[in-house]
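Taking the numbering used here, the leading residue of the sequence shown gets 1, the next gets one more, and so forth. All C-beta atoms in this analysis are idealised placements derived from N, C-alpha and C, irrespective of residue type, glycine included. Notes follow once the structure below has been shown.
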Amino acid sequence: MSSPEGFAAVFYSEPSVLGFLANVISALLVCLQNFFWAHTSIRPQGIENILAGVHLILIGGFSQLLAGFLSFRKYDHLGGTAFLAFAGLWSSYGATRIISGAYSPQTNLNVSDAALHRSMSTAIPTIREGTLPGMVAYIFISFILAFCSATVNYVMPFIFGAITLTLVFETVGLFGVWALVVSGVLELVIVVCGLYGAIALLFKGITQRFVLPGFGNPLFNILLLGSANRTSSKNIGEEKKKNTKYAEPMALSNLCDTVSPFVFAFFCFGYSDTFYLGAVWITINSFGQLLSSYYGYLRDDAYYTTKFGVHSLYWLVQSWEQFTLTVFIRSQDVQGSREGMFGDWFFLIVACILSVASFNKDVLEVIQNGLFVLLTISTLHQIPIKGGYVFFGVACCLFLATSLYATFARLINSIGEKALVPVGPQLVSTVTLEKFLGFLKSRLTGAQEFSDTTSCQVSEALFYVCNGLAALSAIQGSLNDPIRHHLGIPAVLIPGAIMQLYVARIQVQKGRRFGAVLPFCYAAIWATWTWLRFAGHLLNISPKSDGGFTAGAVAFLVVNVFLILLASQSNLVLLFLTLNMEILIVCFLLFTLERLPLPLEIVMLALFCAICVYGTLASLVNCAFDRDLLLMGPSLFLGEKQKEETRLSPPCLCPLSHRTSSLRIIAKLLDDGGVCGVPTDTVYALAASCKHSEAIEKIYKIKDRPQDKPICIFISNLDQLRAANPPFTPLLWDFMARVYPGSIGCIVKKGEWVKKLGVGAGFDRVGTKDSIMIRVPDQTVMVHLVEMTGPLAITSANPSGESDSTHHEMVISRLGHKLEGVLCDGESDEVLASTVVNCLRIEEGTITILREGCVSAAKEPQMMPTPGRRSARPQ
Numbered sequence: 001m002s003s004p005e006g007f008a009a010v011f012y013s014e015p016s017v018l019g020f021l022a023n024v025i026s027a028l029l030v031c032l033q034n035f036f037w038a039h040t041s042i043r044p045q046g047i048e049n050i051l052a053g054v055h056l057i058l059i060g061g062f063s064q065l066l067a068g069f070l071s072f073r074k075y076d077h078l079g080g081t082a083f084l085a086f087a088g089l090w091s092s093y094g095a096t097r098i099i100s101g102a103y104s105p106q107t108n109l110n111v112s113d114a115a116l117h118r119s120m121s122t123a124i125p126t127i128r129e130g131t132l133p134g135m136v137a138y139i140f141i142s143f144i145l146a147f148c149s150a151t152v153n154y155v156m157p158f159i160f161g162a163i164t165l166t167l168v169f170e171t172v173g174l175f176g177v178w179a180l181v182v183s184g185v186l187e188l189v190i191v192v193c194g195l196y197g198a199i200a201l202l203f204k205g206i207t208q209r210f211v212l213p214g215f216g217n218p219l220f221n222i223l224l225l226g227s228a229n230r231t232s233s234k235n236i237g238e239e240k241k242k243n244t245k246y247a248e249p250m251a252l253s254n255l256c257d258t259v260s261p262f263v264f265a266f267f268c269f270g271y272s273d274t275f276y277l278g279a280v281w282i283t284i285n286s287f288g289q290l291l292s293s294y295y296g297y298l299r300d301d302a303y304y305t306t307k308f309g310v311h312s313l314y315w316l317v318q319s320w321e322q323f324t325l326t327v328f329i330r331s332q333d334v335q336g337s338r339e340g341m342f343g344d345w346f347f348l349i350v351a352c353i354l355s356v357a358s359f360n361k362d363v364l365e366v367i368q369n370g371l372f373v374l375l376t377i378s379t380l381h382q383i384p385i386k387g388g389y390v391f392f393g394v395a396c397c398l399f400l401a402t403s404l405y406a407t408f409a410r411l412i413n414s415i416g417e418k419a420l421v422p423v424g425p426q427l428v429s430t431v432t433l434e435k436f437l438g439f440l441k442s443r444l445t446g447a448q449e450f451s452d453t454t455s456c457q458v459s460e461a462l463f464y465v466c467n468g469l470a471a472l473s474a475i476q477g478s479l480n481d482p483i484r485h486h487l488g489i490p491a492v493l494i495p496g497a498i499m500q501l502y503v504a505r506i507q508v509q510k511g512r513r514f515g516a517v518l519p520f521c522y523a524a525i526w527a528t529w530t531w532l533r534f535a536g537h538l539l540n541i542s543p544k545s546d547g548g549f550t551a552g553a554v555a556f557l558v559v560n561v562f563l564i565l566l567a568s569q570s571n572l573v574l575l576f577l578t579l580n581m582e583i584l585i586v587c588f589l590l591f592t593l594e595r596l597p598l599p600l601e602i603v604m605l606a607l608f609c610a611i612c613v614y615g616t617l618a619s620l621v622n623c624a625f626d627r628d629l630l631l632m633g634p635s636l637f638l639g640e641k642q643k644e645e646t647r648l649s650p651p652c653l654c655p656l657s658h659r660t661s662s663l664r665i666i667a668k669l670l671d672d673g674g675v676c677g678v679p680t681d682t683v684y685a686l687a688a689s690c691k692h693s694e695a696i697e698k699i700y701k702i703k704d705r706p707q708d709k710p711i712c713i714f715i716s717n718l719d720q721l722r723a724a725n726p727p728f729t730p731l732l733w734d735f736m737a738r739v740y741p742g743s744i745g746c747i748v749k750k751g752e753w754v755k756k757l758g759v760g761a762g763f764d765r766v767g768t769k770d771s772i773m774i775r776v777p778d779q780t781v782m783v784h785l786v787e788m789t790g791p792l793a794i795t796s797a798n799p800s801g802e803s804d805s806t807h808h809e810m811v812i813s814r815l816g817h818k819l820e821g822v823l824c825d826g827e828s829d830e831v832l833a834s835t836v837v838n839c840l841r842i843e844e845g846t847i848t849i850l851r852e853g854c855v856s857a858a859k860e861p862q863m864m865p866t867p868g869r870r871s872a873r874p875q
């Protein structure tokens with residue numbers, strides 16, 4: 001049978017198998033080294049440590065990274081979070097082993113700059129100093145993961161619990177060899193339990209049933225942790241429900257916000273004199289937080305996309321600035337140079353914006369954002385270094401304590417899909433905040449009505465953040481400050497080039513405006529700026545020694561002209577940004593000619609940063625509310641009146657669902673062979689009459705849907721199905737009576753009985769040759785429409801590969817120009833498609849969930865009827 005759209009559970013099988021095996025092999029490798037170390041009292045060093053580190057990164061890191069990706073794709077909150085967390089652990093520990101081995105006395109390295117090598121080798125901390133902070137942080141994290149896994153099954157708690165104890169004794173083993181023996185024994189527990197878990201899930205993936213025990217029931221019911229305040233949650237509009245087919249990334253980001261401040265706190269309180277290994281641990285950890293931002297983007301969540309991206313950027317910049325300060329800079333006059341650095345002020349501004357944007361979230365989110373504001377204050381360069389370290393260390397302690405609790409709360413609440421762990425009520429209701437912002441806009445513009453959609457993109461705020469931070473960090477009070485040149489490299493390069501490449505990547509993900517052109521070009525500009533302006537003195541590069549930089553500046557000027565033309569079709573904020581960048585490129589050109597008036601550059605960088613601040617605020621607010629509540633300015637070539645006319649003239653008929661005449665209009669369009677967007681009890685869908693095979697074929701072209709993916713049909717009720725007298729068993733009739741009407745699609749054997757339902761010429765275009773998926777929607781509008789038209793061929797109303805449409809405006813904007821009509825019903829009841837169940841083997845006691853949607857796989861036992869119990873089926 002060809003696989004219907006979105007059958008991710010079958011396609012990806014059981015990624016936990018890969019995650020368990022990665023932990024097994026990594027634990028076995030460390031176990032063998034520990035036993036050898038304890039037996040011979042000889043620590044592994046040199047090439048032994050390097051090889052061990054490489055194996056840990058490849059097996060424990062990359063393999064679990066892949067397992068985490070696939071687990072997030074399967075809407076597995078626990079598996080995705082745990083595997084990505086342990087990928088960071090093994091990768092960081094492996095990197096520590098490699099660095100320790102590379103700089104051991106027995107290792108001979110060819111270093112071109114002998115002075116630099118001596119400086120770095122003396123700055124390398126011991127393995128104890130570099131490993132202890134991260135190990136302690138992961139002890140708390142793995143304990144939380146072990147506890148949470150006990151609410152899911154009774155195999156993972158033993159694996160994660162053994163990892164927790166192993167980390168404890170590995171940490172003690174840094175001070176005493178005896179603990180390594182205990183750690184080795186615990187690592188054998190990981191090996192045994194992990195192998196069993198991998199085998200059990202492997203059988204489950206092959207047979208689509210639990211053959212071996214361990215994953216069917218949890219150690220304790222998650223509901224024992226508490227109960228959701230349903231009345232409160234409904235009042236504030238925050239009732240827990242699935243968002244998309246991707247798991248929630250909040251727990252993963254909070255987990256990363258635990259490791260980074262842990263490492264910094266140890267350094268700030270004087271445990272280590274250098275920050276070499278600390279930068280490595282935080283860099284790997286920040287990559288995990290960047291993945292949180294990416295999954296927030298895939299869920300079309302502008303707030304979390306921006307927040308997680310900003311946090312990742314903050315820890316990266318701080319860690320590499322601290323690395324530069326402690327490893328490369330030996331001058332005592334550092335404070336004077338740091339006072340001329342302003343980049344962290346932009347972090348403070350963005351942190352305040354995130355705090356304001358979270359007022360319609362729960363109390364825990366507001367507290368965490370408030371502490372992040374405190375963090376950004378503590379790292380302002382104008383604070384004296386000696387007192388600043390203590391201030392920063394205390395702020396890190398407060399932030400990590402809150403992040404630990406947030407990790408536990410978000411993960412438990414995601415698993416239970418209820419507010420089981422208290423996170424506090426909503427501080428300000430979304431409606432109140434939206435009305436307030438709308439009131440401010442009406443006062444400024446005089447407009448009383450606003451569009452229901454926005455042109456802002458999910459990743460747009462992060463684009464402004466990267467450029468604003470790079471611009472503010474690039475301000476130089478003097479061109480001859482070597483310390484400032486060292487510190488400016490990470491402050492400009494990381495946000496302006498490295499992070500902006502991430503923005504360019506996600507701009508391509510869903511075919512956004514301009515694609516990756518704008519962020520990619522600006523990443524190249526900031527990278528070149530850093531190379532010449534900050535690294536030029538270190539590499540003995542003179543602006544006039546090579547005309548390549550001058551030629552490059554001229555090329556950037558020409559390219560940016562085209563970017564200005566593109567921005568003029570968007571909004572005024574983006575247009576002003578590109579115009580300002582043109583002047584900055586002129587300043588760069590003048591620098592290559594040694595004719596730069598420094599005050600002009602400072603003013604233009606400050607103005608560029610100010611534009612980015614407003615762009616961040618406006619795009620974040622507009623995306624979060626999906627309405628243009630803050631002004632971004634009209635397009636230069638398309639006035640407000642023309643835009644309003646365009647908005648009021650949709651590309652197809654768009655009647656309202658609450659009117660009977662609207663149903664008749666859509667029914668007439670479908671009967672005439674048209675394709676229409678319709679609401680369902682889950683997300684919006686495309687519908688075509690089964691009487692017209694060409695209409696069903698048109699659906700494939702509209703969605704760019706692969707031909708081998710079959711389309712299901714909607715019927716109005718079970719009586720319609722019974723009238724066709726299909727050869728269903730009593731057990732299947734009983735099952736359908738349990739789940740219909742509802743958001744579950746049943747795959748059954750196809751036959752001539754399908755034609756008796758009213759499926760005419762479309763018989764060969766729905767389902768496959770041998771099977772077909774049938775659904776009875778639990779929605780009055782859709783049921784009435786099906787009663788008027790007969791069975792409808794249905795598939796989700798989104799271009800193939802993109803997220804589901806949860807509002808009729810999304811259907812109109814995405815596909816309206818290809819449709820005959822859209823039945824407008826506002827926001828959909830769910831934000832996830834239906835659950836698909838294979839009932840072809842139901843007589844064997846097996847139903848297979850091929851796609852987990854609104855109905856969780858955890859409800860499979862409740863859905864399954866008792867064999868032998870017969871349903872009421874007409875004779």
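List the endpoints of the continuous beta strand (DSSP E) containing residue 795. 792 to 796
Thinking C-alpha only, which one of 393, 775 and 49 is nearest residue 719? 775
When we look at the beta-carbon of residue 249 and count the other beta-carbons within 10 Å, is it buried (16 or more) or exposed? buried
Status (buried if at least 16 other CB within 10 Å, exposed otherwise) for residue 551: Burial check for residue 551: the Cβ neighbour count within 10 Å stays below 16, so the residue is exposed.
For residue 303 and residue 767, the rounded distance between their alpha carbons: Those two C-alpha atoms are separated by around 39 Å.
Does the distance from the CB of residue 351 to the CB of residue 373 come in under 8 Å? yes
For the pair the region 295 to 311 and the region 247 to 266, tell me if three or more CB-CB distances fall below 8 Å. yes
For residue 773, report the span of its alpha helix (DSSP H) as first-last. Note, residue 773: premise wrong, no alpha helix (DSSP H); beta strand (DSSP E) at 771 to 775.
Report the rounded CA-to-CA distance for residue 448 versus residue 625, giving the unit in angstroms. Low per-residue confidence applies at residue 448: pLDDT is 49, beneath 50, and the placement is therefore not dependable, though the value from the model is reported in the following sentence. Roughly 17 Å separates the two Cα atoms.
Selected residue, minimal CA-CA separation from residue 852, among 799, 419, 665 and 745: 745
Strand pairing of residue 688, partner residues [DSSP]: 675 and 793
For a minimum of 4 consecutive residues, which ranges assigned as the alpha helix (DSSP H) are wholly contained in the region 307 to 384? 334 to 338, 343 to 357 and 363 to 378
Across the region 788 to 800 and the region 682 to 690, are there enough close Cβ pairs to call them in contact, namely three or more that are closer than 8 Å? yes
Closest by CA to residue 634, which one among 717, 737 and 572? 572
Quick one: Cα of residue 655 to Cα of residue 678, how far? 11 Å
C-alpha distance - residue 313 paired with residue 280, whole-angstrom precision: 14 Å
For residue 841, which three-state DSSP category applies? coil
Could you tell me whether the region 52 to 70 touches the region 81 to 95, using the rule of 3 or more Cβ pairs below 8 Å? yes
Helix or strand or just coil, what does DSSP make of residue 749? Secondary structure at residue 749: strand, using DSSP grouped into helix, strand and coil.
Kindly give me the distance between the Cβ atoms of residue 458 and residue 305, rounded to whole angstroms, as I take these residues to be in contact under 8 Å. 5 Å
Taking the CB atoms as reference points, tell me whether residue 821 and residue 653 lie closer together than 8 Å. yes
Please classify residue 401: is it buried, with 16 or more other beta-carbons within 10 angstroms of its beta-carbon, or exposed? exposed
When DSSP labels each residue in this structure, what does residue 439 get in the three-state scheme? helix
Nearest-angstrom Cα distance between residue 19 and residue 213? Roughly 19 Å separates the two Cα atoms.
DSSP state of residue 548, grouped into three classes? helix
Does the beta-carbon of residue 198 have 16 or more other beta-carbons within 10 angstroms, so that it is buried, or is it exposed? buried
Report, in whole angstroms, the separation of the C-beta atoms of residue 685 and residue 794, which I expect to be a contact under 8 Å. 5 Å
Per DSSP, which one or two residues make a beta bridge with residue 712? 794
For residue 494, which residues does DSSP report across the bridge? Answer is none; residue 494 lacks a bridge partner.
The alpha helix (DSSP H) spanning residue 73 covers which residue range? Looking at the DSSP string, the run of the alpha helix (DSSP H) that includes residue 73 is 64 to 73.
Are the Cβ atoms of residue 14 and residue 219 separated by less than 8 Å? no
Exposure label - residue 519; buried when at least 16 CB within 10 Å: buried
Residue(s) in a DSSP beta bridge with residue 851: Here residue 851 is bridged, per DSSP, to 836.
What does residue 744 pair with, by DSSP beta-bridge criteria? 835
Given 8 Å as the limit, is there contact between the region 726 to 738 and the region 799 to 813, that is, 3 or more CB pairs closer than that? no
Beta-carbon proximity list for residue 377, same chain, < 7 Å, skipping 5 on both sides: 348
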